[in-house]
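K.L.:
Once you've had a glance at the structure underneath, I'll fire off some questions.
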Amino acid sequence: MTETRSVFFVIGLCFAGLVLGQTNTRSPGTSLGQLQIQGTHITKLVLQRTEDNHRETLTEFDETLALPVGTYRITEITLEDQYVYESSRQSPLEEIVITEDAPQALKIGGPLTPSIEITRQGRQINLVYKLQGMGHEAYRSLVVDPSKAPTFSVYQGKTSIATGTFEYG
2 MTETRSVFFV IGLCFAGLVL GQTNTRSPGT SLGQLQIQGT HITKLVLQRT
52 EDNHRETLTE FDETLALPVG TYRITEITLE DQYVYESSRQ SPLEEIVITE
102 DAPQALKIGG PLTPSIEITR QGRQINLVYK LQGMGHEAYR SLVVDPSKAP
152 TFSVYQGKTS IATGTFEYG
């Protein structure tokens, strides 16, 4: 059984500058490194520096972002159409080490890949719908609209034997 569901996004934004949506101002002597985000459709990225718990909230993006040198963990990623990754809900992504020497590449965000995890318990089959980003991070929708829930069909040969929708939560 193969279920295919496409997720499409439309980008109508143009960004200029390096980083415009940060939570703190930086002192003039702060050493900076570069972060290159290789995904798309990101509207918000929250990083927390492990050394001092300083948070960087990024809301506007260019090809390369300037960040203070340090080790960061991703605490939140928000995408267009209200999809979110929160590290407190899933296993955390690998830490990001920003140095002055070379840009650090980060694969997160779109395009998203939908998948279905199938498990069996006796005579019952459980289907779990997942949306994963470029870095294999799991996203959930902030907008719960049961009329737009993903659907599925189960086939035996060419005959459909079951159909349904996934429940949120």
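Sequence positions in the sequence shown follow this note's numbering and run 2 to 170. Ideal Cβ placement from N, Cα and C applies to all residues, glycine included.
Which residue's Cα is closest to the Cα of residue 57: 40, 78 and 64?
P.N.:
Comparing Cα positions, the closest option is 78.
K.L.:
What residue ranges within the segment 70 to 99 form continuous beta strand (DSSP E) runs of no fewer than 3 residues, ordered along the chain?
P.N.:
Entirely contained in the segment 70 to 99, the beta strand (DSSP E) runs reaching 3 residues are, in chain order, 71 to 80, 84 to 87 and 97 to 99.
K.L.:
Whole angstroms are fine: how far does the CA of residue 160 sit from the CA of residue 25?
P.N.:
Note that residue 25 scores 46 on pLDDT, short of 50, meaning its location in the model is unreliable and no value can be drawn from it.
K.L.:
Report the three-state DSSP secondary structure of residue 45 (helix, strand or coil).
P.N.:
Three-state result, residue 45: strand.
K.L.:
Roughly how many angstroms separate the alpha carbons of residue 73 and residue 55, rounded to a whole number?
P.N.:
Their backbone Cα atoms lie some 9 Å apart in a straight line.
K.L.:
Going by other Cβ atoms of all chains shown within 10 Å of its Cβ, with 16 needed for buried, is residue 168 buried or exposed?
P.N.:
By the 10 Å Cβ count, residue 168 comes out exposed.
K.L.:
Where residue 66 and residue 45 are concerned, what is the direct C-alpha to C-alpha distance, given to the nearest angstrom?
P.N.:
Near 13 Å, if we compare the C-alpha coordinates of residue 45 and residue 66.
K.L.:
Using a 10 Å radius around the Cβ and a threshold of 16 neighbouring Cβ atoms, would you call residue 84 buried or exposed?
P.N.:
It is buried - the Cβ of residue 84 has at least 16 other Cβ atoms within 10 Å.
K.L.:
Using only alpha-carbon positions, find the residue among 116, 36, 98 and 102 that is nearest to residue 59.
P.N.:
Nearest of 116, 36, 98 and 102 to residue 59, Cα basis: 36.
K.L.:
Give a yes or no on whether the C-beta atoms belonging to residue 133 and residue 116 are separated by under 8 Å.
P.N.:
Yes, they are a contact pair.
K.L.:
Expressed to the nearest angstrom, what Euclidean distance is found between the alpha-carbon atoms of residue 64 and residue 34?
P.N.:
Roughly 14 Å between the two C-alpha positions.
K.L.:
Use the C-beta contact count for residue 156: other C-beta atoms within 10 angstroms, 16 or more gives buried, fewer gives exposed.
P.N.:
Looking at its Cβ environment, which holds fewer than 16 other Cβ atoms inside 10 Å, residue 156 is exposed.
K.L.:
Determine the direct distance from the alpha carbon of residue 50 to that of residue 2, and round the result to whole angstroms.
P.N.:
Below a pLDDT of 50, predicted positions are generally treated as unreliable, and residue 2, at 44, falls in that range; the measurement from the model is reported next regardless. So the alpha carbons of these two residues sit roughly 43 Å apart.
K.L.:
Alpha carbon to alpha carbon, how far is residue 119 from residue 22? Give it in angstroms, no decimals.
P.N.:
Below a pLDDT of 50, predicted positions are generally treated as unreliable, and residue 22, at 40, falls in that range; no measurement from the model is reported.
K.L.:
Strictly by DSSP, which residues pair up with residue 115?
P.N.:
Beta-bridge pairing links residue 115 to 132.
K.L.:
Please identify the residue among 152, 70 and 107 whose C-alpha is closest to the C-alpha of residue 129.
P.N.:
Here the closest residue by C-alpha is 152.
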